[in-house]
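Here's the structure we're looking at; comments come further down.
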Amino acid sequence: MLQPVQGGSADTQPPNRRKIELVTFFALAFGIWPVIAVGVVGSYGFAVWMWQIVFGPPGPPGH
């Protein structure tokens, strides 16, 4: 059988844990993920640039 959970509802968290979660969220949302996004887009752009240096730009072949 199920036993009741001691200590109240799940919505109440200690203030220290809530602060840690907020700091972690802001570090991820405004620090780490933007850096990762810029790195991914920059890497893709660099790969396309290198591809075009080796194989030429897209389009019909030149005369």
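Going by my numbering, the first residue of the sequence shown is number 1206, and it counts up by one from there.
For glycine and all other residues, C-beta sits at the position ideal for the given N, C-alpha and C.
Small disclaimer: the values here were computed from a predicted structure and weren't measured.
Tell me whether residue i sits in a helix, a strand or coil according to DSSP, three-state version.
i     : result
G1264 : coil
P1239 : helix
P1220 : helix
By Cβ distance, which residues of its chain are closer than 7 Å to residue i, with the 5 residues on each side in sequence left out?
i     : result
G1264 : none
Can you name, in chain order, every residue of its own chain whose Cβ lies under 8 Å from the Cβ of residue i, other than the five neighbours on each side?
i     : result
V1259 : none
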